[in-house]
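Working notes for the structure below.
Protein chains in written order, with this note's numbering: chain A, 1 to 140; chain B, 1001 to 1666.
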């Protein structure tokens, strides 16, 4: 059993293991960094630390919304090596998911970009952080 | 027992010992008779052996043991040190360093047993001399068990340079007053050192609660044989077996009774006193300096940077209030932050000696390898630089020193022919110059043959034959081009594909520059100029559209306003300006950072940046002014963006990119 943060991107539900998440921040000024990938929005000053920010919606090809009161930056920590902020549309909930909640067919993700978990009648796309942060496991 | 927690300490200390081995062995080579040096070397090897043993690095331990035997023979006058022996000893130290590198990388010592070195060391002694190898090399190491108190006393003794011996004394079967006999032994031994343990206990011996054997553990500076002979000189002693206990061979047993029995005895109590005194002395010595994990210093540095940032923010706010008391407090805050910043910077400063110290050894090997004669003269080893810079200095300096030895200094005969002394001089010096540290590598060799460099440049197609009008400086610049070597034959030293271009790149990465002065027949001098620190620099803040960028002031030559019509176009759209009759290429910072340039202005602000001798003009929208900025890394996720060398946080909390001037001029 593992805890997942459930959040909204456009009109779908997504989940990310809370083990990866350090903080949830409100949207703040982002400084553009030249010559980076389109989805890298720049860097923020996170209490004195420079942290790059990725627009998760652009990265995984979800329709973009304008920033709102609900927009958040999830600060994730990649194996203690670096931190990255992920822009998402709205934080919804934190839930416990068990192995049984995961849809078997989507586990090896041949046709799906994400594993799908079923929870209280909701379908949650479970994000694999590695896919989001690195280029290798991109489009099929 | 899990030793991994001691690994860091082991590595640090082992490095120190290896360094001191190298240093002292170099000195010994000049004064082979100096007994004190041999003693010192012996002690380092001895301690190293013990440490390696404790950590379970058996190969390393065996090698140091063999080394120690040779040194012990030299110390006892049984062996004369010659250059052949020195060579083997130096190779041994290299092998030890290699072990250490493997340990740093993997946490284990690896499989290399260095048998050839062990054999070579043993061969020096002919056969393992018995008096030296008291506990023979081939036997597995014995563990001597003592209670913790005694173990600590033993360890203390080692660190003070004492030897620790264990004597098994057997009395004659006909001996009548056993306890009296034992008492004589105790007395005799105490002429030479301290008895720190006896088995059975002194009380039991006095009560004659023992057969004909007892054993004592002694700390002493005297040779083992001397003590043994003294014991044997007492009548009715049948046999005395003496063993030297080396570090790594003791362990503590947790028998409470032994502690009791030990503490009752007078000789032991005396030892306690001695040990305590010694302990206090060492405490005093060590408390003067503290080894600090560099990461902790980085945290401290970061916090100070934060303080500086928030200070400038408060300064900005203060302007709004215009209150005198408020202003005074802020001035006070400013003073404190500045001093704090200085203090933290000083903590990060380390003497360049850290890098320099390995060069004497390297140059010695080099002289032998090249068959040349030269002396390395170092000065200013105590000059301090931020440790981030010191750590990076090694490679460029090694290259320049090799260069001086290989290309600069002539063969001895050639030198004599040109009226110079047989032996050349290579000078390595460091000194402070304002906000810079300068490091020079100078040789009194043949100098750079500019004509030859020019020919080579033509050969490589870097220069056309009709372009003869070149200044000396321009010719020297060719040396810094990738893979440019004037050496005809590839030696062990040159031809490794590492050239002066690598030196130059490295130094420039550190925000410094290299300069060369050379005079034919007289010598060559490389001058490296480096900033004192990398963490905080002076920068010019500029804007393009609504973005702010920082350009390091050190790389700015000047700032000029240029009218639109003075920007000329040459060679398929390249923009240039003429400044004091010099052609300077122009770039728009907008385009460089991927924004649309503003073209319909009448006047442009051009920041002229330099990289070595090369100048480039950068058009910016507006200048915001100059200030101290704290350099922060963009982190691993964004590494490899060539144009940006880092980011900084401005007084209002926003982030600005720092431009890498080296990339602006490409």
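We treat Cβ as the ideally placed atom computed from N, Cα and C, and that holds for glycine.
Remember, it's a predicted structure, so these values are computed and weren't measured experimentally.
Open item on the list: So if I threshold CB-CB distances at 9 Å, which residues from the region 1621-1634 of chain B count as touching chain A?
Closed with: 1632, 1633, 1634
Open item on the list: Strictly by DSSP, which residues pair up with residue 1526/B?
Closed with: Here residue 1526/B refers to the residue found at position 526 when the second chain is read from its first residue. Secondary-structure assignment with DSSP links residue 1526/B through a beta bridge to 1441/B, 1516/B.
- [ ] Helix, strand or coil for residue 1543/B, going by three-state DSSP, please let me know.
- [x] Here residue 1543/B corresponds to residue number 543 of the second chain, with the count starting at 1. The answer is strand: DSSP assigns residue 1543/B an E or B state.
Open item on the list: Does residue 1658/B pass the burial test, meaning 16 or more other C-beta atoms within 10 Å, or should it be called exposed?
Closed with: By one-based count along the second chain, residue 1658/B stands at place 658. Result: buried.
Open item on the list: Quick test of the definition: if touching needs 3 or more C-beta pairs under 8 Å, does the region 1529-1542 of chain B touch the region 1510-1518 of chain B?
Closed with: yes
Open item on the list: Strictly under 8 Å for the Cβ-Cβ distance: is residue 45/A near chain B by that measure?
Closed with: Residue numbering aside, residue 45/A sits at position 45 when the first chain is read from its first letter. Residue 45/A counts as touching chain B.
TODO: Could you run through the region 1063-1097 of chain B and flag, in chain order, every residue whose CB is less than 7 Å away from some CB of chain A?
DONE: none
- [ ] Could you tell me whether any Cβ in chain A is nearer than 8 Å to the Cβ of residue 1637/B?
- [x] For the purposes of this step, residue 1637/B is taken as residue 637 along the second chain, with counting starting at 1. Closer than 8 Å: yes.
Open item on the list: Against chain B, does residue 33/A count as a neighbour if the rule is that its beta carbon must be under 8 Å from one of theirs?
Closed with: For the purposes of this step, residue 33/A is taken as the residue at position 33 of the first chain. Answer yes: the Cβ-Cβ gap between residue 33/A and chain B drops below 8 Å somewhere.
TODO: Using a Cβ-Cβ cut-off of less than 8 Å, list which residues of the region 1638-1662 of chain B approach chain A; keep chain order.
DONE: 1638, 1641, 1642, 1643, 1644, 1647, 1649, 1653, 1654, 1655, 1656, 1657
- [ ] Measure the CB-CB distance between residue 96/A and residue 28/A and report whether it falls below 8 Å.
- [x] The residue you call residue 96/A lines up with position 96 of the first chain. The residue you call residue 28/A lines up with position 28 of the first chain. Result no, Cβ atoms of residue 96/A and residue 28/A do not sit closer than 8 Å.
TODO: Compute the Euclidean distance between the alpha carbons of residue 1675/B and residue 1303/B, then round it to the nearest angstrom.
DONE: Here chain B comprises residues numbered 1001 to 1666, so residue 1675/B is not present and cannot be evaluated.
- [ ] Report the residue ranges of all alpha helix (DSSP H) runs contained in full by the region 1352-1416 of chain B; include only those spanning at least 4 residues, in chain order.
- [x] Fully enclosed alpha helix (DSSP H) runs of 4 or longer: 1353-1356, 1359-1370, 1387-1403.
Open item on the list: Between which two residues does the beta strand (DSSP E) holding residue 72/A run?
Closed with: As a working note, residue 72/A is residue 72 in the first chain. Segment 72-78, the beta strand (DSSP E) holding residue 72/A.
- [ ] Flag this pair as yes or no: are the beta carbons of residue 90/A and residue 70/A separated by less than 8 Å?
- [x] By one-based count along the first chain, residue 90/A stands at place 90. By one-based count along the first chain, residue 70/A stands at place 70. In contact: residue 90/A and residue 70/A (Cβ atoms closer than 8 Å).
Open item on the list: Considering only the alpha carbon of each residue, which of 1355/B, 1363/B, 1584/B lies closest to residue 1387/B?
Closed with: Position 387 of the second chain, counting from 1, holds the residue named residue 1387/B. With distances taken between Cα atoms, residue 1387/B lies closest to 1355/B.
Task: Where the alpha helix (DSSP H) through residue 1214/B begins and ends - done: As a working mapping, residue 1214/B is identified with position 214 in the second chain. Segment 1213-1220 is the beta strand (DSSP E) holding residue 1214/B; no alpha helix (DSSP H) there.
- [ ] Flag residue 36/A as yes if its beta-carbon sits less than 8 Å from any beta-carbon of chain B, otherwise no.
- [x] Sequence index remark: in the first chain, residue 36/A carries index 36 (1-based). Yes, its Cβ sits closer than 8 Å to a Cβ of chain B.
Open item on the list: Residues in the same chain with beta-carbon distance under 6 Å from residue 1518/B, minus the five sequence neighbours each way, listed in chain order, please.
Closed with: Locating residue 1518/B in the second chain gives position 518, where the first residue counts as 1. Cβ neighbours of residue 1518/B beyond the five flanking positions: 1447, 1448, 1524.
Open item on the list: Here's a check: name, in chain order, each residue in its chain whose Cβ is nearer than 8 Å to the Cβ of residue 1641/B, leaving out the five neighbours to either side.
Closed with: Against the second chain, residue 1641/B aligns to sequence position 641. Result list for residue 1641/B: 1634, in chain order.
Task: Residue span of the beta strand (DSSP E) that contains residue 1065/B, given as start and end - done: Sequence index remark: in the second chain, residue 1065/B carries index 65 (1-based). For residue 1065/B, there is no enclosing beta strand (DSSP E); the residue is found in the alpha helix (DSSP H) stretching over 1058-1075.
Open item on the list: Is there a Cβ of chain B sitting closer than 8 Å to that of residue 50/A, yes or no?
Closed with: On the first chain, residue 50/A is found 50 positions in, with the first residue counted as 1. Closer than 8 Å: yes.
TODO: Spell out a yes or no on whether the region 1339-1356 of chain B and the region 1373-1387 of chain B are touching, meaning 3 or more CB-CB pairs, one atom from each, closer than 8 Å.
DONE: They touch, by the three-pair rule.
- [ ] Check the DSSP bridge columns for residue 66/A and list the partner residues they point to.
- [x] Mapped onto the first chain, residue 66/A falls at position 66. Answer is none; residue 66/A lacks a bridge partner.
TODO: Hey, could you find the ends of the beta strand (DSSP E) residue 52/A is sitting in?
DONE: On the first chain, residue 52/A is found 52 positions in, with the first residue counted as 1. The continuous beta strand (DSSP E) containing residue 52/A extends over residues 49-55.
Task: Interface positions of the region 66-82 of chain A facing chain B (Cβ-Cβ less than 8 Å), listed along the chain - done: Of all residues in the region 66-82 of chain A, 78, 81, 82 have a Cβ within less than 8 Å of some Cβ in chain B.
TODO: For residue 946/B, decide whether its Cβ has a neighbour in chain A, counting only Cβ atoms nearer than 8 Å.
DONE: Past the edges of chain B, shown from 1001 to 1666, lies residue 946/B, and the structure says nothing about it.
Open item on the list: Run through chain A and tell me which residues come within less than 7 Å of residue 1593/B, C-beta to C-beta.
Closed with: The residue given as residue 1593/B occupies position 593 in the second chain. Correct list: 34.
Open item on the list: Using 8 Å for Cβ pairs, my map puts residue 1337/B next to residue 1320/B. What's the rounded Cβ distance?
Closed with: The sequence position of residue 1337/B within the second chain is 337, counting from 1. The sequence position of residue 1320/B within the second chain is 320, counting from 1. Contact between residue 1337/B and residue 1320/B is ruled out by a C-beta separation of about 20 Å, above the 8 Å threshold.
- [ ] Taking 8 Å as the cut-off, decide whether the C-beta atoms of residue 1021/B and residue 1093/B are in contact.
- [x] Reading the second chain from its first residue, position 21 is the one you call residue 1021/B. Reading the second chain from its first residue, position 93 is the one you call residue 1093/B. Closer than 8 Å, so yes.
Open item on the list: Whole angstroms are fine: how far does the CA of residue 1329/B sit from the CA of residue 1346/B?
Closed with: Here the question's residue 1346/B lines up with position 346 in the second chain. Here the question's residue 1329/B lines up with position 329 in the second chain. Approximately 26 Å, taken between the alpha carbons.
Open item on the list: Can you list, in chain order, the residues of its chain with a C-beta nearer than 7 Å to that of residue 1437/B? Leave out the 5 residues immediately preceding and following it.
Closed with: The residue you call residue 1437/B lines up with position 437 of the second chain. Once the five neighbours on either side are set aside, the close Cβ partners of residue 1437/B are 1383, 1385, 1430, 1530, 1532.
Open item on the list: Need the endpoints of the beta strand (DSSP E) that residue 8/A sits in, please.
Closed with: For the purposes of this step, residue 8/A is taken as residue 8 along the first chain, with counting starting at 1. Looking at the DSSP string, the run of the beta strand (DSSP E) that includes residue 8/A is 2-9.
- [ ] Report the rounded CA-to-CA distance for residue 1604/B versus residue 1579/B, giving the unit in angstroms.
- [x] By 1-based counting over the second chain, the position of residue 1604/B is 604. By 1-based counting over the second chain, the position of residue 1579/B is 579. Distance between the alpha carbons of residue 1604/B and residue 1579/B: 14 Å.
- [ ] Mind checking the region 125-136 of chain A against chain B and listing, in chain order, the residues whose C-beta falls within less than 9 Å of any C-beta there?
- [x] 133
Task: Range covered by the alpha helix (DSSP H) that runs through residue 1305/B - done: Here residue 1305/B is taken as the residue at index 305 of the second chain, counted from 1. According to the DSSP assignment, residue 1305/B belongs to the alpha helix (DSSP H) that extends over 1294-1321.
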